[in-house]
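Notes follow the structure.
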């Protein structure tokens, strides 16, 4: 009689797909994309900001320029010395300079409006720990003294950090979206191919339907997370080589942990429901039709994460907040809400508990559809009949 | 009793395939299943294989291990032959090096070892058929359900399959097979079920054939067994050359008669 055999099915799903050139081509493409995403902005900056002139008062230009030379792929920086604050300030006020560095109270400050090139320099100064944070009193004193201009960043540029963090969340959200959609569809294809060729019939004499479903979800999931791991390693290595620091400086470990948790929950939810819905299709050409409702749900989740990246406030922020608790959207939006500061810890715990409970229900629901429809070759059933027992079947 | 359908009814929509049908498979038998296209042969096998469930009645399954060969040839087409058979062996519970050894043994027996590293989709239809046949034999099943096992096989491989069939029977394996080769079926099978109008009718071949066919250049003559020697003598005396004398298939005749009876009964 048939046994669960989920382990054997999972090994086959993983081994066979991991051995195909298509998987490694996709992985390689992802690696190249990661490298391009990391190096690209620097190259773009170099092209759009070929040279920036800043002033300095009491800071040797050579020291600043030397610091800046250590950063790859940046535009050229020219430091023009001024003998006094007044002279430098007048240049800034007349628009000839974006700003100037000044030593005040034994610390370094930047006065003016920093662009991305200057941001990078400030970040580099901060990273090397040459200077510590300026005391609030000193900041206030500078602000009072320089009313014509604006003291934005002293000494670390929160703008750079903010952009990197926001972009990182967005890119990881995109990876999450692709992960659930791409691998969900892969499970769906696998199910419908076995059904179309009637291979499922012979398999079910050796494997239980639940074992077949579980094996597919686990095997394809292992493949998905292997690819994710490779992309993560590639991204880390590129960041390390590019700027001498890891990308995860932009995102704390807790955020990355949340990403992994959301990826696992999202995959479990979408992978199992894709398998269940795919079992409704009798042939590959019907797969899209069978899984369209789900693809639309994923798209709404993606649009939500894109909206979160624009840092909305008011009603839109509240809507996204509520969506972060709704199954299928929750894994994508719970992570995307980091753009808005993230969910409070107790809400996050509640959300995770809710989604885990829902996963149990989704797997049962999907397994039920899978069992009933895997050997049923009728045309696609109306959604109303998904959960019902099938009384009559269509001839083979 | 290895498997049995007891008053089983089953249908697809309004089309009733089985109507309180009974069928029993004993141990170590080759049982032929005969029926017109769409009569329910595949459905019968699916019911025994636990792929379908009866609407009414019950299916007794007392076999230890089943090997099922459906009419459609479903395989993982992108897998290589050796890996596929290892996968099947692993599904049968073999672990470690055992699946590979089992796969190699079967590939050698069926002459598939040269294709061990070939993808299934590049094999000929006949070789794909052999791969699927091997997969049903792996794991030492005590019941084999073969739906049209000869389709796609060349004459040499058909002989090989008959050899495997006989060997399996000697080892006590029960085989239920459907094929359109009625004459051959009669010579291999111990008993037969004819599926007509949702019911099974059993047929056991007689010890001796009731009729013979005599082939001459002028045509074929069918005579009763008792009249065979006289008929041959008469034809020879009249100058005709007797090319072949064949035992008439009682199965084919019985099946034909049964169909005619049912048709005329249905017409009335």
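Protein chains in written order, with the working numbering: chain A, 11 to 406; chain B, 319 to 586.
In this text, a Cβ means the ideal position worked out from N, Cα and C, and glycines have one as well.
All figures in this text were calculated on a predicted structure; none of them were measured in a lab.
Taking 8 angstroms as the cut-off, decide whether the C-beta atoms of residue i and residue j are in contact.
| i | j | result |
| --- | --- | --- |
| residue 291(A) | residue 300(A) | yes |
| residue 15(A) | residue 217(A) | yes |
| residue 109(A) | residue 92(A) | no |
| residue 7(A) | residue 388(B) | Lying outside 11 to 406, the shown extent of chain A, residue 7(A) is not represented and no answer is given. |
| residue 533(B) | residue 562(B) | yes |
| residue 37(A) | residue 275(A) | no |
| residue 342(B) | residue 367(B) | no |
| residue 507(B) | residue 348(B) | yes |
| residue 197(A) | residue 227(A) | yes |
| residue 539(B) | residue 344(B) | no |
| residue 340(A) | residue 353(A) | no |
| residue 384(A) | residue 263(A) | no |
| residue 462(B) | residue 358(B) | no |
| residue 305(A) | residue 201(A) | no |
| residue 179(A) | residue 343(A) | no |
| residue 535(B) | residue 558(B) | yes |
| residue 89(A) | residue 75(A) | yes |
Please report the straight-line C-alpha distance between residue i and residue j, rounded to a whole angstrom.
| i | j | result |
| --- | --- | --- |
| residue 33(A) | residue 199(A) | 15 angstroms |
| residue 295(A) | residue 423(B) | 39 angstroms |
| residue 335(B) | residue 353(B) | 12 angstroms |
| residue 345(A) | residue 409(B) | 39 angstroms |
| residue 237(A) | residue 28(A) | 10 angstroms |
| residue 224(A) | residue 122(A) | 60 angstroms |
| residue 35(A) | residue 452(B) | 34 angstroms |
| residue 478(B) | residue 269(A) | 58 angstroms |
| residue 30(A) | residue 425(B) | 24 angstroms |
| residue 257(A) | residue 73(A) | Note that residue 257(A) scores a pLDDT of 44, beneath 50, so its modelled location is shaky and nothing firm can be said. |
| residue 521(B) | residue 569(B) | 7 angstroms |
| residue 371(B) | residue 20(A) | 27 angstroms |
| residue 111(A) | residue 118(A) | 7 angstroms |
| residue 438(B) | residue 548(B) | 56 angstroms |
| residue 445(B) | residue 482(B) | 16 angstroms |
| residue 248(A) | residue 49(A) | 8 angstroms |
| residue 526(B) | residue 572(B) | 15 angstroms |
| residue 360(B) | residue 40(A) | 47 angstroms |
| residue 18(A) | residue 498(B) | 36 angstroms |
| residue 206(A) | residue 386(B) | 17 angstroms |
| residue 46(A) | residue 70(A) | 35 angstroms |
| residue 165(A) | residue 67(A) | At residue 165(A), the pLDDT of 36 sits below 50, so the modelled position is not reliable; the number obtained from the coordinates is stated separately. Taking the straight line from one Cα to the other gives about 15 angstroms. |
| residue 582(B) | residue 517(B) | 16 angstroms |
| residue 42(A) | residue 182(A) | 16 angstroms |
| residue 418(B) | residue 235(A) | 29 angstroms |
| residue 480(B) | residue 464(B) | 12 angstroms |
| residue 316(A) | residue 333(B) | 53 angstroms |
| residue 22(A) | residue 177(A) | 37 angstroms |
| residue 78(A) | residue 124(A) | 14 angstroms |
| residue 567(B) | residue 529(B) | 8 angstroms |
Quick check on the DSSP output: the beta strand (DSSP E) that includes residue i runs from which residue to which?
| i | result |
| --- | --- |
| residue 333(B) | 333-343 |
| residue 321(B) | 321-330 |
| residue 463(B) | 461-465 |
| residue 444(B) | No beta strand (DSSP E) holds residue 444(B); the alpha helix (DSSP H) holding it covers 443-455. |
| residue 351(B) | 348-353 |
| residue 518(B) | 517-521 |
| residue 532(B) | 529-534 |
Spell out whether any CB of chain E is found under 8 angstroms from the CB atom of residue i.
| i | result |
| --- | --- |
| residue 410(B) | Within the model displayed, chain E is absent; protein chains A and B are what it includes. |
Taking the alpha helix (DSSP H) that residue i falls in, what are its first and last residues?
| i | result |
| --- | --- |
| residue 378(B) | Per DSSP, residue 378(B) belongs to no alpha helix (DSSP H); it is in the beta strand (DSSP E), 374-379. |
| residue 283(A) | 263-288 |
| residue 409(B) | 399-409 |
| residue 360(B) | 359-366 |
| residue 311(A) | 297-318 |
Handout entry: Entirely enclosed beta strand (DSSP E) segments - the stretch 537-577 of chain B, minimum 3 residues
Key = 537-542 and 560-565
Problem - At least 3 beta-carbon pairs within less than 8 angstroms: the stretch 323-342 of chain B vs the stretch 468-480 of chain B - result: no
Practice task
Examine the Cβ distances between the stretch 308-319 of chain A and the stretch 179-191 of chain A and report whether three or more of them are shorter than 8 angstroms.
Solution key: yes
Handout entry: the stretch 346-361 of chain B touching the stretch 432-440 of chain B, judged by at least three CB pairs closer than 8 angstroms
Key = no
Exercise for the section: Ignoring anything shorter than 4 residues or poking outside the stretch 63-131 of chain A, list the alpha helix (DSSP H) runs there in chain order. Expected result: 71-79 and 95-103
Problem - Inter-stretch contact (C-beta, 8 angstroms, three-pair minimum) for the stretch 442-462 of chain B and the stretch 393-408 of chain B - result: yes
Practice task
Specify whether the stretch 324-332 of chain A and the stretch 364-376 of chain A touch according to this definition: at least 3 beta carbon pairs, one from each stretch, less than 8 angstroms apart.
Solution key: no
Problem - Contact between the stretch 552-562 of chain B and the stretch 373-390 of chain B (3+ Cβ pairs under 8 angstroms) - result: no
Handout entry: the stretch 493-506 of chain B / the stretch 464-471 of chain B touching (three or more Cβ pairs under 8 angstroms)
Key = yes
Handout entry: Segments assigned alpha helix (DSSP H), at least 4 residues, entirely inside the stretch 471-511 of chain B
Key = 473-488 and 500-506
Handout entry: Start-end ranges of the alpha helix (DSSP H) lying completely within the stretch 190-229 of chain A, minimum 4 residues
Key = 209-213
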